[in-house]
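Q:
Number of protein chains: 2
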Amino acid sequence: MSFPTPGKPVRGSKSGNHLMALFDLLGRSWSMGIIWRLHEGPCTFRALQERCESISPSTLNKRLKELVQAAMIKRTLEGYALTKKGEEIFQLLHPLEDWARNWAKDF
Amino acid sequence: MSFPTPGKPVRGSKSGNHLMALFDLLGRSWSMGIIWRLHEGPCTFRALQERCESISPSTLNKRLKELVQAAMIKRTLEGYALTKKGEEIFQLLHPLEDWARNWAKDF
DNA sequence: ACTTTTTGCTACTTTTTTTGTAGCAATGCT
DNA sequence: AGCATTGCTACAAAAAAAGTAGCAAAAAGT
Numbered sequence: 005m006s007f008p009t010p011g012k013p014v015r016g017s018k019s020g021n022h023l024m025a026l027f028d029l030l031g032r033s034w035s036m037g038i039i040w041r042l043h044e045g046p047c048t049f050r051a052l053q054e055r056c057e058s059i060s061p062s063t064l065n066k067r068l069k070e071l072v073q074a075a076m077i078k079r080t081l082e083g084y085a086l087t088k089k090g091e092e093i094f095q096l097l098h099p100l101e102d103w104a105r106n107w108a109k110d111f
Numbered sequence: 005m006s007f008p009t010p011g012k013p014v015r016g017s018k019s020g021n022h023l024m025a026l027f028d029l030l031g032r033s034w035s036m037g038i039i040w041r042l043h044e045g046p047c048t049f050r051a052l053q054e055r056c057e058s059i060s061p062s063t064l065n066k067r068l069k070e071l072v073q074a075a076m077i078k079r080t081l082e083g084y085a086l087t088k089k090g091e092e093i094f095q096l097l098h099p100l101e102d103w104a105r106n107w108a109k110d111f
């Protein structure tokens with residue numbers, strides 16, 4: 005199993021532009037949700053599945069493998085956890101929360 | 005055609021948590037890429053298709069309709085363009101570019 | 001006014017992703 | 001030993017995305 009690798013063709017860039025590779029990775033179902041939920045703390049596969057409310061084990065497994073390969077998630081004695089890079093991505097996504105709150109008002 | 009609406013069930017939240025709705029929307033293929041490319045300036049459907057390098061018209065059309073409904077994109081005399089909200093989202097995504105550059109070094 | 005080009009799609013089929021459900025092997029607890 | 005929990009895998013079904021062709025409307029050119 006592979007993940008959208010910078011330097012290889014990805015969605016949005018035949019030459020594998022790094023940003024497009026990142027968009028391809030984060031733009032898969034549940035990617036951002038998993039990172040978000042994992043930030044609450046390391047946890048087991050099954051617990052993570054529950055945090056996500058409705059993810060199937062097959063999808064969770066696939067996404068986890070990709071994110072591990074992409075160095076955003078690692079396995080620890082306490083289960084799956086964000087790496088330093090994963091934590092950084094979380095911090096970059098963080099501002100979306102407030103923005104989304106505001107955005108939601110219009111619906 | 006509908007988009008992940010805050011307040012209604014979305015991927016990651018049965019109650020439609022606004023952030024999960026946003027993740028659902030942005031986490032569809034090409035969503036972030038389209039926003040990114042549109043920031044270069046308003047343009048026509050066909051031109052946007054070329055900016056995206058490899059998007060199919062059916063997917064582009066679907067994504068555009070969703071993003072228009074989500075108030076991130078509007079139609080103008082010059083073609084499709086980011087709205088104020090779309091521009092804000094772009095600004096929030098912007099830091100990902102530098103991060104991705106760095107991340108890419110490890111592959 | 002009429003031809004040509006460009007534009008914004010739609011229609012349709014194929015391929016890929018995601019979902020949903022069942023369940024099994026490994027580990028740990030009692 | 002027996003039972004519960006964990007981390008998955010297998011498989012089928014549904015949904016999303018890709019790929020290709022082409023048409024109707026508008027714009028541009030002559």
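Chains as they are written, first to last, in the working numbering: chain R, 5 to 111; chain C, 5 to 111.
Note that the Cβ used here is the ideal one computed from N, Cα and C, for glycine as well.
#1: Quick one: what's Ile77/R bridged to in DSSP?
#2: Could you give the DSSP three-state label for Ser58/R: helix, strand or coil?
#3: For Val14/R, which residues does DSSP report across the bridge?
#4: Is Ala104/R closer than 8 Å to Leu86/C when the C-beta atoms are compared?
#5: Whose C-alpha, out of Ala25/C, Leu64/C, Gly90/C and Arg15/C, is nearest the C-alpha of Ala108/R?
#6: If you measure between the beta carbons of Ile38/C and Arg67/C, is that distance less than 8 Å?
#7: Pro99/C CB to nearest chain R CB: under 8 Å?
#8: If you measure between the beta carbons of Gly90/C and Gly31/R, is that distance less than 8 Å?
#9: Have a look at Arg41/C, Gly45/C, Asp28/C and Met36/C and flag the residue whose alpha-carbon is nearest the alpha-carbon of Arg55/C.
#10: Identify the contact partners of Phe94/C in chain R, using a Cβ-Cβ distance below 7 Å as the criterion.
#11: Starting from Thr87/C, find everything on chain R with Cβ-Cβ shorter than 9 Å and list it in chain order.
#12: Using a Cβ cut-off of 7 Å, pull out every chain C residue sitting near Cys56/R, in sequence order please.
#13: Given a cut-off of 8 Å, decide if Pro10/C and Phe111/R are closer than it, judged by their beta-carbon atoms.
#14: So Pro46/C and Asp28/C are supposed to be a Cβ contact under 8 Å. How far apart are they, rounded?
#15: Starting from Leu23/R, find everything on chain C with Cβ-Cβ shorter than 7 Å and list it in chain order.
#16: Under 9 Å Cβ-Cβ, which residues of chain C neighbour Arg32/R?
#17: Considering only residues of the same chain and omitting the five flanking positions on each side of Trp34/C, which have a CB-CB separation below 8 Å?
#18: Counting only C-beta atoms, is Thr80/C closer than 8 Å to chain R at any point?
#19: Determine the closest residue to Lys88/R out of Thr80/R, Met76/R, Pro99/R and Glu44/R, with distance taken between C-alpha atoms.
#20: Give the interface partners of Met5/R over in chain C, defined as CB-CB distance under 7 Å, in chain order.
#21: What does Ala51/C reach in chain R if we use C-beta pairs closer than 9 Å?
A: Put simply:
#1: Leu86/R
#2: coil
#3: Ser17/R
#4: no
#5: Ala25/C
#6: yes
#7: yes
#8: no
#9: Arg41/C
#10: What Phe94/C touches in chain R: nothing, since even the nearest Cβ is about 11 Å away.
#11: Result: empty, since nearest Cβ-Cβ is about 11 Å, beyond 9 Å.
#12: Gly16
#13: yes
#14: About 26 Å; that fails the 8 Å criterion.
#15: Leu100, Glu101 and Ala104
#16: Gly31 and Ser33
#17: Cys56, Ile59, Thr63, Leu64 and Arg67
#18: no
#19: Met76/R
#20: Chain C residues near Met5/R: none, gap ~15 Å exceeds 7 Å.
#21: Correct list: empty, because the minimum Cβ distance to chain R is about 16 Å.
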